[in-house]
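One line per chain: the protein sequences are A and B, in this order.
Take any residue in the first sequence, note its place counting from 1, add 12, and you have its number in my numbering.
Take any residue in the second sequence, note its place counting from 1, add 92, and you have its number in my numbering.
What follows is a set of notes on a single structure, which appears directly below.
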Amino acid sequence: MTRLLIRAAGWLLPAERRSEWRREWEAEIWYARRDGVPSNQLRRWCWGAVSDAASIGLEREIFRRRWNRAARTPAFCLTFLAGLILLIAAASGGLPATRAVFFPLPYSNPDRIATIAQGGGTLSMRGGIPTEWVRIWAARSTTLKALATYGWSYAISGRQHILTAEVSPGFFPLLGRTVPGSCANCILLSESFRRQRFPNDRDAAGRQIVLDGRPYRISGVLPSDFWFLSRDIAVWKIGSPRHDGRTGVVIRLRPGVTRREAERELHSLLEKDGYFSWDSLAEVSILQERVRSPLGSFLLALSLALFAAISGSRPRLQHLDVTSRAAWLRGAFFLAKSGLLLVAVLLAGLEFTSACSITMIGGTDLLAEPLSTWLFLIGCMTALTWSIHDHRVRCRVCLHRLGLAAHVGCPGSLLLGWAGTEMVCISGHGMLHVPEMPSCWLEPEHWTALDSSWRELFAHHG
Amino acid sequence: MAEEVHLTHTAALILQTISAGYRYGFDVMAVTGLPSGTVYPALRRLESSGLIASKWEKEKEAFADQRPARKYYRLSAAGEQVLGRAVKRYPLLEQMAPRK
Numbered sequence: 013m014t015r016l017l018i019r020a021a022g023w024l025l026p027a028e029r030r031s032e033w034r035r036e037w038e039a040e041i042w043y044a045r046r047d048g049v050p051s052n053q054l055r056r057w058c059w060g061a062v063s064d065a066a067s068i069g070l071e072r073e074i075f076r077r078r079w080n081r082a083a084r085t086p087a088f089c090l091t092f093l094a095g096l097i098l099l100i101a102a103a104s105g106g107l108p109a110t111r112a113v114f115f116p117l118p119y120s121n122p123d124r125i126a127t128i129a130q131g132g133g134t135l136s137m138r139g140g141i142p143t144e145w146v147r148i149w150a151a152r153s154t155t156l157k158a159l160a161t162y163g164w165s166y167a168i169s170g171r172q173h174i175l176t177a178e179v180s181p182g183f184f185p186l187l188g189r190t191v192p193g194s195c196a197n198c199i200l201l202s203e204s205f206r207r208q209r210f211p212n213d214r215d216a217a218g219r220q221i222v223l224d225g226r227p228y229r230i231s232g233v234l235p236s237d238f239w240f241l242s243r244d245i246a247v248w249k250i251g252s253p254r255h256d257g258r259t260g261v262v263i264r265l266r267p268g269v270t271r272r273e274a275e276r277e278l279h280s281l282l283e284k285d286g287y288f289s290w291d292s293l294a295e296v297s298i299l300q301e302r303v304r305s306p307l308g309s310f311l312l313a314l315s316l317a318l319f320a321a322i323s324g325s326r327p328r329l330q331h332l333d334v335t336s337r338a339a340w341l342r343g344a345f346f347l348a349k350s351g352l353l354l355v356a357v358l359l360a361g362l363e364f365t366s367a368c369s370i371t372m373i374g375g376t377d378l379l380a381e382p383l384s385t386w387l388f389l390i391g392c393m394t395a396l397t398w399s400i401h402d403h404r405v406r407c408r409v410c411l412h413r414l415g416l417a418a419h420v421g422c423p424g425s426l427l428l429g430w431a432g433t434e435m436v437c438i439s440g441h442g443m444l445h446v447p448e449m450p451s452c453w454l455e456p457e458h459w460t461a462l463d464s465s466w467r468e469l470f471a472h473h474g
Numbered sequence: 093m094a095e096e097v098h099l100t101h102t103a104a105l106i107l108q109t110i111s112a113g114y115r116y117g118f119d120v121m122a123v124t125g126l127p128s129g130t131v132y133p134a135l136r137r138l139e140s141s142g143l144i145a146s147k148w149e150k151e152k153e154a155f156a157d158q159r160p161a162r163k164y165y166r167l168s169a170a171g172e173q174v175l176g177r178a179v180k181r182y183p184l185l186e187q188m189a190p191r192k
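Okay, here's the thing in structure tokens:
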């Protein structure tokens, strides 16, 4: 135990002082044992080794040198990027938007659940569905297995404005979810709202809540994984949704029926009932596809960014030595670094922008979709540009970031001598020459490998 | 440099203990009752300030006795001067760490 503690604490010290430090502590322990110091007291004494090692390791100059060296390592780069991903996950509360994109929606057969919006040339935006259309489709459609309506509004509860949804009785069965029985003044709470309002009551059933000055009885709490269109909906009422002439419509398609087939049938039913065909276009959106649409935006942005990056780096790629182990290691590090960075861009885009925001009628926001593609494009381009630049200024042997940049020559006297920046590997593997004005576009910078005789110079540097 | 050093009571006590003939870290702990997490960092600081010097016992002698070589500390000339001033400032120091 004591030996293990000394070993572990030793890692806090710079390598050149570690062995002597361990030797001193191990000798002291040996003498203490010989002199009969009780083992519990010895263990207590040995904990001091940690603060002793830390006091040396954190000495300003030693710490600066060690930090400077550690920050250049490829492991630090990968750890930093992995930490960034964990930070995004923690800040977003466990990546809810990302999980919605990659995992099936919390309904039975989610690929058959869709929303309907009114399209048509005279409407600049998709709108809700006129209530008389709902009656026609519910009575005559053969492609729909079930149909339910929903509406939404903001209600005041205490000093809080909360988003409430009112749904028809067939809503939850259509999604394949069972909920406690409904009554005139009963409501269901979302799990996040329950945590906020009743943090100590996991059930909350039977409690009362006042919405817009009217008391309601809580009949149950929806599971934490349940959401529909918006995670902000805090309260669900089962009844007849407020229509105001239009309503949201959610449908379950019969097995084997495609989105297009359903659209054609719904449209023809309206035409038969005498509705003008230009205004009676019903747009069916499969919910799962809508939720996953930001992934398409990201892949498009990534393809464009990769195309630009590969076009810009083609001269270097042509001269790549794919036979050496070092080249493979460099390639693997570049892929890992770029991959982690692109994952961070994707997660940040999904979690912190409105890329995933679906409007309450089931479409995606008209602005959010193109905006998210641009954001992803800028994010991917920035990530790849940084990744390529970082790769260029790393040692070809140990992959540490080069340092000790020195500007050499005079840019105005290019004919008389070389001008540019020189950087060296802090382990002495080589030197990178980056000219002020590249003389050849195939080789903008030049790497000079240094032999082992130079290592002595760099042995204690860092 | 030594004249500019201002010792805390703890550092002065450790100097006094070494001056009294306790020359190993664990010995200093046993006499002063200070924890190892205080004594060892203080020894490093006193050494880097030039008030004490450390020396490893000869490996050959330790090996002959079948024990590990030990690092021991002694006061430097600067350390003795600083301790002299510290004793005037903290008169009870000499009683707290009696001669070995």
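Glycine included, C-beta positions come from ideal geometry on N, C-alpha and C.
{"Asked": "CA-to-CA distance, residue 110 (chain B) to residue 138 (chain B), given in whole angstroms", "Found": "11 Å"}
{"Asked": "Counterpart residues of residue 306 (chain A) in DSSP-defined beta bridges", "Found": "Paired residues: none, contrary to the question."}
{"Asked": "Runs of beta strand (DSSP E) wholly within the segment 149-201 of chain A (minimum 3 residues, chain order)", "Found": "156-169, 172-179, 198-201"}
{"Asked": "Residue-level contact to chain B via CB, residue 203 (chain A), 8 Å cutoff", "Found": "no"}
{"Asked": "Per-residue DSSP class, three states only, for residue 99 (chain A)", "Found": "helix"}
{"Asked": "Runs of beta strand (DSSP E) lying entirely within the segment 243-298 of chain A, each at least 3 residues, in chain order", "Found": "245-250, 258-265, 294-298"}
{"Asked": "CB of residue 321 (chain A) within 8 Å of CB of residue 357 (chain A), strictly", "Found": "no"}
{"Asked": "Buried versus exposed, by CB contacts within 10 Å (16 or more), residue 319 (chain A)", "Found": "exposed"}
{"Asked": "Beta-carbon proximity of residue 506 (chain A) to residue 246 (chain A), cut-off 8 Å", "Found": "Nothing can be reported for residue 506 (chain A), as the shown portion of chain A is limited to 13 through 474."}
{"Asked": "Under 7 Å by beta carbon: chain A residues contacting residue 121 (chain B)", "Found": "57"}
{"Asked": "Cut-off 7 Å between Cβ atoms - residues of its own chain near residue 252 (chain A), not counting five sequence neighbours on either side", "Found": "180"}
{"Asked": "DSSP beta-bridge partners of residue 430 (chain A)", "Found": "Note: residue 430 (chain A) sits in no beta bridge, so no partner."}
{"Asked": "Contacting positions in the segment 139-168 of chain B - beta carbon closer than 8 Å to chain A", "Found": "159, 160, 161, 162, 163"}
{"Asked": "Residue 101 (chain B), buried or exposed, once every other Cβ within 10 Å from all chains shown has been counted against 16", "Found": "exposed"}
{"Asked": "Counted within 10 angstroms of its Cβ, other Cβ atoms place residue 443 (chain A) as buried (16 or more) or exposed", "Found": "buried"}
{"Asked": "Residues of its chain near residue 14 (chain A), where Cβ-Cβ distance is below 8 Å and the 5 sequence neighbours each way are ignored", "Found": "41, 54, 55, 58"}
{"Asked": "Best match in A:344, A:463, A:277, A:438 for proximity to residue 470 (chain A) [C-alpha to C-alpha]", "Found": "A:438"}
{"Asked": "Residue 28 (chain A), buried or exposed, once every other Cβ within 10 Å from all chains shown has been counted against 16", "Found": "exposed"}
{"Asked": "Residue-level contact to chain A via CB, residue 136 (chain B), 8 Å cutoff", "Found": "yes"}
{"Asked": "The segment 220-233 of chain A touching the segment 187-201 of chain A, judged by at least three CB pairs closer than 8 Å", "Found": "yes"}
{"Asked": "Test: residue 23 (chain A) CB closer than 8 Å to a CB of chain B", "Found": "no"}
{"Asked": "Proximity test, Cβ basis, 8 Å: residue 116 (chain B) and chain A", "Found": "yes"}
{"Asked": "Which listed residue (A:82, A:35, A:22) has its alpha carbon closest to that of residue 412 (chain A)", "Found": "A:82"}
{"Asked": "Beta strand (DSSP E) segment containing residue 459 (chain A), residue limits", "Found": "458-461"}
{"Asked": "Nearest-angstrom beta carbon gap, residue 84 (chain A) and residue 415 (chain A) [assumed within contact, 8 Å]", "Found": "7 Å"}
{"Asked": "Burial state of residue 392 (chain A), where buried means 16 or more other Cβ atoms lie within 10 Å", "Found": "buried"}
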